[in-house]
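Numbers 230 to 647, taken from this note's numbering, label the letters of the sequence shown in order. Report on one structure; see the data block that follows.
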Amino acid sequence: MNVHESEKLAGILQSRGYLPCQNVEDADVIVLNTCCVRETAETKVYGHLGRIKSQKKQGAIIAVCGCMTQQPNAAEKLVKRCPFVNIVIGTFNQPRLGDYLDRFIQTGTRVIEVWTSEKDGDCAESTSPVRSSGINAWVNIMYGCNNFCTYCIVPYVRGRERCRPIDNIVSDIDSLLSKGYKQITLLGQNVNSYRYMGKTFTDLLKELESDTKYRLKFMTSHPKDISPDLAQIISDSKVLSHSLHLPVQAGSDRILQAMNRHYTRDEYLAKISSFRELIPNIGLSSDVMVGFPTETEDDFLQTLDLVERVKYNNLFMFIYSRRSGTPADTMPQLDYSTKQKRIDRLIKFQFEISKQLALGAVGHTAEVLVSDKDGSKCYGKSETDAAITFESDSAQIGDFVRVKIVSAKNANLTGEVV
Ligand code: SF4
């Protein structure tokens with residue numbers, strides 16, 4: 230999501246005549262698009278700013294935007310700590326970066342402006358992004374989140390859900406396909422709750438079916454909102470990836486309740502089973518957090534058990550990160566060493582699962598969308614989102630190629646063109 234936001238910021242700069250450069254030393258304008266979902270990301274911003282201060286050329290303008298500045302008192306803290314920063318804006322007024330640049334250049338006065346909501350006519354989609362993800366294009370279908378998971382800062386810094394009109398999304402995607410993009414990823418904090426004038430997320434997916442060959446993906450899904458007919462839609466679709474990223478976060482009902490996730494482990498597992506029934510080879514991935522406040526050894530073992538039952542192809546594993554202003558921040562915290570030991574165990578556990586799944590894929594044939602090429606070595610992903618490498622002189626970036634998987638080393642698959 231942040232990568233796509235940076236593409237939009239690059240679009241604003243390009244529309245004002247700025248061009249990208251490789252080195253900070255050469256830049257006339259330096260924009261930091263920040264994130265505050267985890268504490269480490271926030272700490273890194275100050276580290277980057279320190280380096281930029283010593284590397285930037287005389288007169289270069291520094292702007293800081295993104296969700297870090299949207300937190301209470303964060304902009305004030307930033308301007309005090311970094312007096313060399315010229316522009317500080319938040320997530321809601323980011324589309325106006327160009328106007329703030331003009332204002333600073335004309336007046337030489339620092340611009341510090343963080344809105345608490347979008348203003349009329351200031352839709353984030355007014356910006357044409359400079360897309361930098363090769364054959365993949367990201368398309369926001371909605372912004373914000375209504376869920377208030379107790380560990381998460383997103384609803385506070387990105388506001389409540391706002392969905393884009395379905396026609397605008399469809400026409401954006403038509404235009405991207407006509408330009409040759411081969412993979413479109415729909416973005417939203419909780420795409421399953423997309424609603425616009427009575428149309429739902431599954432209505433949107435049906436509208437995006439096409440005779441043009443492309444791959445359609447979406448993220449992120451929330452287990453409580455995922456529609457029962459989504460599995461059928463994926464199974465019947467000519468364009469949808471046979472993969473699903475369904476963050477579970479924890480395998481213990483007690484912790485899921487404390488997280489305010491609104492589903493139980495059994496409900497989650499039942500949803501996974503219903504997808505596997507219709508799409509037996511579906512590629513599954515998830516986010517799992519360890520060390521949530523009050524998590525006991527038994528809670529953690531239940532998470533391991535759930536991970537073992539589902540056998541995810543890919544798992545994004547995190548240590549719980551305290552975020553000021555969220556309910557979980559006020560709950561009794563676990564010590565660092567317990568959290569670290571648990572994440573190490575989980576990573577090891579999942580590594581074995583990924584290894585076994587990769588071995589099981591040997592002998593199967595997949596359709597790989599080539600996203601990168603180095604000499605004759607092609608890199609891409611299958612319809613189930615498995616990363617596969619193969620040799621071909623003729624295959625080009627953007628081609629769909631039938632590949633037989635011939636070997637697996639750890640979770641890395643190698644194939645041969647069939
Ligand atoms: S659904 Fe996702 S974005 Fe929304 S509060 Fe929960 S974790 Fe945060």
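Virtual Cβ for every residue (Gly too), placed ideally from N, Cα, C.
Going along the chain, which residues of its own chain have a beta-carbon closer than 6 Å to the beta-carbon of residue i, five neighbours each way excluded?
i           : result
residue 334 : none
residue 434 : 462
residue 481 : 528, 531
residue 446 : 414, 470
Round the Cβ separation of residue i and residue j to the nearest angstrom and send it over; I've been treating them as touching at under 8 Å.
i           : j           : result
residue 544 : residue 517 : 6 Å
residue 599 : residue 626 : 5 Å
residue 230 : residue 416 : 6 Å
residue 232 : residue 330 : About 22 Å; that fails the 8 Å criterion.
residue 621 : residue 605 : 6 Å
residue 489 : residue 392 : Contact doesn't hold; Cβ gap of about 22 Å is too wide.
The beta strand (DSSP E) with residue i in it runs from where to where?
i           : result
residue 444 : 444-448
residue 375 : Taken as a continuous stretch (DSSP letters only), residue 375 belongs to no beta strand (DSSP E), as it is neither H nor E.
residue 541 : Premise fails: residue 541 is in no beta strand (DSSP E) and is neither H nor E.
residue 551 : Here residue 551 belongs to no beta strand (DSSP E), and DSSP marks it neither H nor E.
residue 366 : 365-369
residue 496 : Per DSSP, residue 496 belongs to no beta strand (DSSP E); it is in the alpha helix (DSSP H), 494-507.
residue 412 : 412-416
residue 516 : 512-519
residue 247 : No beta strand (DSSP E) contains residue 247, which DSSP labels as neither H nor E.
residue 263 : 258-263
residue 618 : 616-620
residue 638 : 629-638
residue 608 : 606-610
residue 293 : 290-295
residue 643 : 641-646
residue 601 : 594-603
Where do the N-terminal and C-terminal ends of the alpha helix (DSSP H) with residue i fall, by residue?
i           : result
residue 565 : 565-590
residue 280 : 268-284
residue 467 : Here residue 467 belongs to no alpha helix (DSSP H), and DSSP marks it neither H nor E.
residue 383 : 383-387
residue 399 : 395-407
residue 240 : 231-244
residue 486 : 482-487
residue 434 : 430-436
Taking C-alpha atoms, which residue in the options lies nearest to residue i?
i           : options            : result
residue 347 : 532, 359, 386, 240 : 386
residue 612 : 574, 542, 571, 554 : 542
residue 344 : 394, 326, 331, 288 : 326
residue 314 : 292, 531, 328      : 292
residue 204 : 240, 450, 628, 639 : Because the chain in this structure spans residues 230 to 647, residue 204 falls outside the shown range and cannot be described.
residue 533 : 478, 271, 290      : 478
residue 444 : 425, 606, 466      : 466
residue 615 : 316, 604, 606, 637 : 637
residue 474 : 399, 480, 512      : 512
residue 324 : 242, 272, 264, 285 : 242
residue 569 : 245, 439, 547, 282 : 547
residue 370 : 494, 380, 399      : 399
residue 510 : 283, 364, 470      : 470
residue 337 : 580, 447, 288, 508 : 288
residue 276 : 503, 499, 310, 460 : 310
residue 301 : 274, 579, 265, 424 : 265
residue 380 : 271, 537, 267      : 267
residue 502 : 539, 602, 515      : 539
residue 440 : 567, 238, 468, 507 : 468
residue 448 : 247, 464, 515      : 515
residue 425 : 396, 407, 408, 446 : 396
Can you give me the Cβ contacts of residue i inside the same chain, cut-off strictly under 7 Å, excluding the 5 residues immediately before and after it?
i           : result
residue 366 : 360, 405, 410, 413
residue 633 : 594, 644, 645, 647
residue 320 : 295, 296, 299, 386, 387
residue 389 : 373, 375
residue 483 : 528
residue 402 : 368, 413, 437
residue 341 : 304, 308, 317
residue 491 : 453
residue 350 : Confidence is the limiting factor: at residue 350 the pLDDT is only 49, short of 50, which leaves the residue's position unreliable, though a coordinate-based value still follows. Cβ within range, chain order: n/a, list empty.
Does chain D have any CB closer than 8 Å to the CB of residue i?
i           : result
residue 638 : Absence of chain D from the displayed structure is noted, only one protein chain being present.
Excluding the 5 residues preceding and the 5 following residue i in the sequence, name in chain order all residues of the same chain whose CB lies nearer than 8 Å to its CB.
i           : result
residue 454 : 419, 421, 422
residue 522 : 487, 549, 557, 560, 561, 562, 563
residue 458 : 431
residue 290 : 257, 258, 259, 315, 316, 330, 333, 334
residue 236 : 358, 359, 360, 361, 362, 367
residue 641 : 587, 616, 618
residue 610 : 597, 598, 600, 616, 617
Report the start-end ranges of each alpha helix (DSSP H) in the segment 306-339 that is 4 residues or longer and not cut off at the edges. 326-336
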